[in-house]
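With the numbering used here applied, the sequence shown covers 1 to 514.
Note that beta-carbon positions come from the ideal geometry of N, C-alpha and C, so glycine has one too.
All values derive from a computational prediction rather than experimental measurement.
Down below is the structure, laid out as structure tokens.
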Amino acid sequence: MERHTPAFASSIRWQSANVISQVCLQLLFIMVLARLISKADFGVMSIALVVVGFVEIFAQIGIGPSLVQRKDLQIRHVRAAMYFSIGLGLAFFALMYCAAPQIGIWFKSDALVNVLRWVALSFILSSIALTPRSLLVRHMDFKRLFTAAMIAMIIGNLGIGLGLAYAGYGVWAYVAALLSQNAILSICFWWMRPRGTENLWGIWRWNDLLDMLAYGGRSTIFNWFNYAATKADTVLVGEFAQSNPTTGGGWTATGLYDRSAHLMSLPITILGKLGDSVLFSGMSALQTELQALQRVVFRGIELIAWLVIPISLALAWFSSEVAVLLLGAAYADAGPIVRILFIGVAFRSLIKLADAVVRATDQLVPAIAIKIAYLTLLVLTIYASLRSGHGLEGVAWAVTICTILQFLVFYTWLGSALKWKRMKAFRATAVGWLGASIAAPGYLVIDFLMPDWSHNGVHRWSLIIKILLIAIWTMVAFIAVAVRNPSVIDGGDLKIRAKWTAYLPKWLIKRIKK
């Protein structure tokens with residue numbers, strides 16, 4: 001199957017619209033759901049999703065990335081991947097159904113067993129959707145991916161999920177939202193799959209599959225350790241909270257931490273999904289062209305740093321306001337936890353780009369070693385924090401510090417892997433630190449002049465106005481950096497520069513470097 005030439009500009013536009021729309025709809029879903037179901041319900045569901053997520057990585061064995069990354073993909077490879085993935089989905093559903101009681105015993109929760117068994121249906125639904133979705137990513141057809149995602153989220157999350165939550169179904173509303181969204185996605189992906197893939201039903205051979213399993217196996221190991229590194233904190237908090245209900249807080253504490261971690265993950269989700277689709281697909285096509293790959297990665301680091309580092313500073317500075325605005329007053333005590341976790345947002349987002357480079361260029365073995373070291377350090381520090389009585393804030397500090405260390409190691413390695421001069425990968429982040437230094441004085445003034453949301457008598461609109469002022473000042477910081485370093489937006493292309501600068505005041509255009 002011929003790979004389409006990577007149309008980065010069009011692809012990034014559509015996938016950016018896709019990801020941002022998904023995050024906004026998911027945020028709306030969580031904002032309303034947090035006011036309709038309890039923290040304990042979120043706690044049960046968070047553990048179920050983590051357990052299923054761990055297993056689902058093996059249920060796919062890297063088949064999806066193999067379909068995207070492989071240069072000489074033929075229809076026989078696609079057919080073999082489809083049958084194999086569906087077979088694995090059925091097998092892992094049966095495995096999770098049987099293992100659910102033992103997992104419930106480990107977490108000391110009978111409620112978790114039935115939730116796990118229902119959520120495990122996502123193995124089957126995801127396996128059905130895997131092949132057509134991977135082909136759409138390979139062809140960079142993000143317009144169709146956008147359409148499918150919007151249909152599924154509006155009907156599944158906002159319609160079915162919130163409807164059942166309002167009717168009082170608690171955690172089962174969340175389960176129904178997840179399963180209905182996955183089912184609708186499967187239908188849409190098959191309906192919208194690329195041309196030339198109509199004849200997928202037929203005989204397949206093991207040899208066609210084995211061609212892809214070598215890369216898929218390495219990708220699976222990398223993805224498993226990557227996923228484990230992002231979910232170890234939730235698992236350890238859940239196990240400790242259930243084992244020590246008096247001091248640990250039970251499912252309520254798990255739900256509180258999970259929602260805090262979820263807020264932290266929202267910006268990372270945007271970058272992660274862009275990396276998993278546009279950047280991964282495009283860099284896979286450029287994997288043998290070193291100079292072109294170097295340019296794409298450098299621009300990617302600059303762009304992510306420019307956007308995420310100032311945002312990370314704003315989120316950490318005003319974490320209590322963000323938690324109350326998005327989750328409600330019941331989550332006011334999440335503020336200190338969220339503040340610590342938000343410090344790591346920029347570093348995690350930049351690591352996501354490195355992950356995409358690793359998978360696109362098949363540099364998986366050294367990356368797996370880095371992930372293993374990070375996961376080991378993370379588990380040890382979280383465990384020590386919980387046992388020493390530092391609570392959820394101690395866990396958040398452990399996660400943030402380990403994330404910064406992973407960033408430093410990963411980007412040191414990335415520079416050598418791309419044959420860059422020493423520290424070039426780090427220098428690419430300079431525009432982000434410049435933006436943060438411009439934004440910080442404004443945040444200080446806003447924080448000083450605006451009343452604290454928690455004071456009695458402060459109207460909710462005061463909080464909303466404060467958030468709007470923060471957003472406006474953050475935009476000012478973005479523009480200031482772009483004026484000083486316009487290549488962060490246009491990559492030095494003067495035609496593109498003329499288009500985006502046309503929206504700026506004339507006095508500001510004169511200050512932009514040519």
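According to the DSSP assignment, residue 371 belongs to the alpha helix (DSSP H) that extends over 364 to 387. Pairing residue 319 with residue 390, the inter-Cα distance amounts to about 20 Å.
Residue 168 sits in coil when the DSSP states are folded into three classes, being neither helix nor strand. DSSP, read as helix, strand or coil, puts residue 419 in coil. Look at the beta carbons and you see the stretch 92 to 111 touching the stretch 122 to 133: at least three pairs across the two are nearer than 8 Å. Residue range 142 to 152 is occupied by the alpha helix (DSSP H) that includes residue 144. Residue burial is scored here from C-beta neighbours: residue 443 has at least 16 other C-beta atoms within 10 angstroms and is therefore classed as buried.
Closest by C-alpha distance to residue 368, out of 115, 85, 331 and 223, is 223. As the crow flies, the alpha-carbon of residue 231 is around 31 Å from that of residue 293. The distance from the Cβ of residue 182 to that of residue 371 is about 27 Å, inconsistent with a contact at the 8 Å cut-off. Below 8 Å, too few C-beta pairs join the stretch 354 to 362 and the stretch 480 to 497 to call them touching: fewer than three. Contact check for residue 135 against residue 179 fails: the beta carbons are separated by 8 Å or more. At least 8 Å separates the beta-carbon of residue 263 from that of residue 157. Inclusion of residue 432 and residue 309 in the CB contact set at 8 Å is warranted, their separation being smaller than that value. Around the beta carbon of residue 445, fewer than 16 other beta carbons lie within 10 angstroms, which makes this residue exposed.
About 7 Å separates the CB atoms of residue 257 and residue 395; that is less than 8 Å, so the two are in contact.
Look at the beta carbons and you see the stretch 395 to 404 touching the stretch 372 to 383: at least three pairs across the two are nearer than 8 Å. The alpha carbon of residue 405 has as its nearest neighbour, out of 392, 427 and 375, the alpha carbon of 375. In chain order, 96, 116, 119, 120, 122 and 123 place their CB closer than 8 Å to the CB of residue 52, counting only its own chain and leaving out the 5 sequence neighbours on each side. Measuring C-alpha to C-alpha distances from residue 491 to each of 462, 50, 461 and 300 identifies 300 as the nearest.
In the three-state scheme derived from DSSP, where H, G and I count as helix and E and B as strand, residue 201 is classed as coil.
Distances from the CA of residue 168 to each of 36, 447, 427 and 477 were compared; the closest alpha carbon is that of 36. Between residue 392 and residue 237 the beta-carbon gap is near 7 Å, inside 8 Å, which marks them as a contact. Contact between residue 152 and residue 165 is ruled out by a C-beta separation of about 18 Å, above the 8 Å threshold. Taking C-beta atoms as the reference points, residue 18 and residue 142 count as a pair closer than 8 Å.
Annotation: the continuous alpha helix (DSSP H) that includes residue 101 extends over 75 to 106. Bounds of any alpha helix (DSSP H) do not take in residue 157, whose DSSP letter is neither H nor E.
Of 411, 88, 329 and 56, the smallest CA-CA separation from residue 32 is found for 329. If you compare the alpha carbons of 46, 89, 252 and 435 with that of residue 55, the shortest gap goes to 89.
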